[in-house]
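**Q**
Chains as they are written, first to last, in the numbering used here: chain A, 3 to 326; chain B, 30 to 330.
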């Protein structure tokens, strides 16, 4: 167990180093940092001095080490575009994206798992066929179109919900949350739905496939013959055995949610990290792009680490294997 | 003989699947419309002289105040919607198809080699694939696009926009091909015909492409179809985000982006007709992909 955790931690550190290297390469080799930071009127001597100050003349390895060291201390450099510290820009945007992503993920799970179970248990029913056809279309509709459709229906035609921004927010320490105001929740519904729908179809299809597989197995047949009540059979015996792949997909979906939040945030003008990333691409603001990657990778690694630990908690077989 | 049976079975399944027929029809019509856009379309939406502001914001023919010359109405610049969509679909398909082809060649090549040689080469390719798989395609494409913006000189950016976009999409889609090709190659490597070919002293390239490749085409064909849909979606998304094609050479995504400005006013057709068109195209290709998967994998039927 300890060995397992240690191994996963080492892997995570390696992934983070790889991403840091990518961010560093972006900063160092895409365009010239000095010419980005200075104007046309800066003299050549000043440019050279800046180059020396930034340590850009040092050996490559040393530069990377310094870059990583700075990252660890929370010093993420300065934006080319706004001249602000990148750390500040990103940190103020994190809550918006995380709240949106987590709510979307919850929608995906709380709707996806029950419908997945249902469609697996009644594979030939009319409702199942309708749901399956809808999800096939749902997968084919791009996220931004889903967003536009929701805006049009609930924002423009019915006028029920706001179509941009976060609504009212509350400061909790450094965390700007929109989960504590009615206004904030109203603003959150449409973007979270937009972001959740695609993940929902994935969750549903996976749960359905796993469930159908499990329902065919001998122990379920035996349990049926033994007269285990249906509810207990489905949810205790069958569903429990589909949890491992479902947990895995949640870990992977988190990455998807964060990435697609770029699109959702753009449609709804949601002031999160995705919108910032998009702006930084448009203006070739390399430091922001790099740090965005590092932050995203950090969350991703963290979630997958937790998922791996959950495996052991969920699946007793893994614990036994570990002992032997 | 076996191949023949399989094919006739595919035909049989096709004839008996209304969804597949409809999807094939939609896809085919779009392909033809896009390929012959310059001959079908009444105006060239890139040629500023071919349309006039006086025709601006006309509704489709079934609505009041329409001009029968413009079947699906016009946008604010007076561009005919039919022509815009045909040219937009043309760009979307050119980018989608080229990206898919590049991804196929790259992915299948690497996958075949990884499956054939195994060992360290295989490990390296698959690690790269794993890392990339953790990054969603859209993030990869955005990143590559961002890098290209930083690396290319400003005056070349406009000219190379389509190439950059294609490459960004291709590089974010190759992983699927590589993984499938590798897995199938592993299976084929155990077969006697491959062993025989190797023992006969044929060169690895020949064994890979002449002997193994034809036997793993089935699953690859399915991925090609699905990835074509993904490529078209990716391009539309990037263009919608304003990272893809600019407004003077609009793809379907750009058209939708432009149409967004008219959501609040009454000109619904500028937004919804390109949107509907894009969705219909992608849904059709996905249905065809699902159909092909069923044909090549009888276990799923």
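For each residue, glycine too, the CB sits at the ideal point set by N, CA and C. For clarity, every value in this text was computed on a predicted model and none was experimentally measured.
Indicate whether at least one CB of chain A lies closer than 8 Å to the CB of residue 258 of chain B.
**A** Yes, contact with chain A.
**Q** Less than 8 Å between CB atoms is the rule here; does residue 129 of chain B satisfy it with respect to chain A?
**A** Taking Cβ atoms only, chain A never reaches closer than 8 Å to residue 129 of chain B, which makes this a no.
**Q** Which residues of the stretch 142–156 of chain A have a Cβ closer than 9 Å to any Cβ of chain B? Give them in chain order.
**A** Against chain B - using a Cβ distance shorter than 9 Å - the residues of the stretch 142–156 of chain A are 142, 143, 144, 145, 146, 147, 150, 151, 153, 154.
**Q** Can you tell which of A:38, A:63, A:67, A:252 has its C-alpha closest to the C-alpha of residue 53 of chain A?
**A** Closest by alpha carbon: A:38.
**Q** Let's test the definition: count the other Cβ atoms within 10 Å of the Cβ of residue 47 of chain A and tell me whether it reaches 16, buried, or not, exposed.
**A** The residue is exposed, with fewer than 16 neighbouring Cβ atoms inside 10 Å.
**Q** Hey, is residue 268 of chain A close to the ligand NAD, as in C-beta under 7 Å from one of its heavy atoms?
**A** With respect to small molecules bound, the structure shown includes none, and the ligand NAD cannot be examined in it.
**Q** How long is the line joining the alpha carbons of residue 32 of chain A and residue 119 of chain A, rounded to whole angstroms?
**A** In a straight line, the C-alpha of residue 32 of chain A is about 49 Å away from that of residue 119 of chain A.
**Q** Residues of chain B with CB closer than 8 Å to the CB of residue 291 of chain A, please, in chain order.
**A** Correct list: 172, 175.
**Q** I want to see whether chain B comes within less than 8 Å of residue 37 of chain A, judged by CB atoms only; does it?
**A** Not closer than 8 Å to any Cβ of chain B, the Cβ of residue 37 of chain A fails to qualify, so no.
**Q** How about the stretch 276–283 of chain A and the stretch 231–244 of chain A: do they share at least three Cβ pairs that are nearer than 8 Å?
**A** No, they do not touch.
**Q** Between the stretch 209–224 of chain A and chain B, which residues of the former have CB atoms less than 7 Å from a CB of the latter, in chain order?
**A** For the stretch 209–224 of chain A, which is checked against every Cβ of chain B, not one residue is closer than 7 Å.
**Q** Alpha carbons only, please: which of A:67, A:63, A:107 is nearest the one belonging to residue 252 of chain A?
**A** For the residues A:67, A:63, A:107, the minimum Cα distance to residue 252 of chain A belongs to A:107.
**Q** Please confirm whether residue 215 of chain B and residue 136 of chain B have their CB atoms less than 8 Å apart.
**A** No, Cβ-Cβ distance for residue 215 of chain B and residue 136 of chain B is not below 8 Å.
**Q** Counting only C-beta atoms, is residue 110 of chain B closer than 8 Å to chain A at any point?
**A** No, no contact with chain A.
**Q** Using a C-beta cutoff of 8 Å, does residue 325 of chain A count as contacting chain B?
**A** Reliability fails at residue 325 of chain A, whose pLDDT of 48 lies under 50, so the model's placement of it is uncertain and no value is given.
**Q** Following the continuous alpha helix (DSSP H) through residue 174 of chain A, name the residue where it begins and the one where it ends.
**A** Not the alpha helix (DSSP H): residue 174 of chain A falls in the beta strand (DSSP E), residues 172–174.
**Q** From the DSSP output, in three-state form, read off residue 30 of chain B for me.
**A** Any answer about residue 30 of chain B is weak, because its pLDDT of 46 lies below 50 and its placement is not dependable; what the coordinates show is given next. The answer is coil: DSSP assigns residue 30 of chain B none of H, G, I, E or B.
**Q** Reducing DSSP to helix, strand and coil, say where residue 38 of chain B ends up.
**A** Looking at residue 38 of chain B - three-state DSSP - the assignment turns out to be helix.
**Q** Between residue 328 of chain A and chain B, is any beta-carbon pair separated by less than 8 Å?
**A** Residue 328 of chain A lies beyond the range of chain A shown here (3 to 326); nothing can be said about it.
**Q** Taking Cβ positions, are residue 291 of chain B and residue 299 of chain B nearer each other than 8 Å?
**A** Yes. Within cutoff.
**Q** Determine whether the Cβ of residue 258 of chain A lies closer than 8 Å to any Cβ atom of chain B.
**A** By this cut-off, residue 258 of chain A is an interface position.
**Q** Between residue 33 of chain A and chain B, is any beta-carbon pair separated by less than 8 Å?
**A** So, interface residue.
**Q** Are the stretch 156–166 of chain A and the stretch 64–75 of chain A touching by the rule of at least three beta carbon pairs closer than 8 Å?
**A** Short answer: they don't touch.
**Q** Please report whether the beta-carbon of residue 10 of chain A lies at a distance below 8 Å from any beta-carbon of chain B.
**A** Not an interface residue.
**Q** Is the beta carbon of residue 85 of chain A less than 8 Å from the beta carbon of residue 287 of chain A?
**A** Not closer than 8 Å, so no.
**Q** By Cβ distance, which residues of its chain are closer than 7 Å to residue 203 of chain B, with the 5 residues on each side in sequence left out?
**A** Around residue 203 of chain B: 132, 135, 136.
**Q** Compare the C-alpha of residue 74 of chain A against each of A:81, A:22, A:121 and name the closest.
**A** Cα-wise, what sits closest to residue 74 of chain A is A:22.
**Q** Kindly say whether residue 197 of chain B, judged by its beta-carbon, lies nearer than 8 Å to any beta-carbon of chain A.
**A** No - not a single Cβ of chain A is within 8 Å of the one on residue 197 of chain B.
**Q** Could you check the C-alpha separation between residue 194 of chain B and residue 275 of chain B for me, to the nearest Å?
**A** Each residue's Cα considered, the two are about 12 Å apart.
**Q** For residue 269 of chain B and chain A, any beta-carbon pair shorter than 8 Å?
**A** Residue 269 of chain B counts as touching chain A.
**Q** Can you list, in chain order, the residues of the stretch 267–295 of chain A whose Cβ is nearer than 8 Å to any Cβ on chain B?
**A** Per Cβ criterion, the list reads 268, 279, 280, 282, 283, 284, 286, 288, 291, 295.
**Q** In the DSSP output, what is residue 179 of chain A paired with across the bridge?
**A** Paired residues: A:172.
**Q** List the residues that DSSP assigns as beta-bridge partners of residue 80 of chain A.
**A** According to DSSP, residue 80 of chain A bridges with A:87.
**Q** At a CB distance below 8 Å, what residues from the stretch 18–30 of chain A approach chain B? Give them in sequence order.
**A** Taking 8 Å as the Cβ-Cβ cut-off against chain B, the residues of the stretch 18–30 of chain A that qualify are 20, 28.
**Q** Taking only the alpha-carbon atoms, compute the straight-line gap between residue 330 of chain B and residue 40 of chain B and give it to the nearest angstrom.
**A** Annotation note: pLDDT 47 at residue 330 of chain B (below 50); position unreliable, coordinate value reported separately. C-alpha separation (whole angstroms): 15 Å.
**Q** So, does the CB of residue 124 of chain B fall closer than 8 Å to a CB anywhere in chain A?
**A** Residue 124 of chain B does not count as touching chain A.
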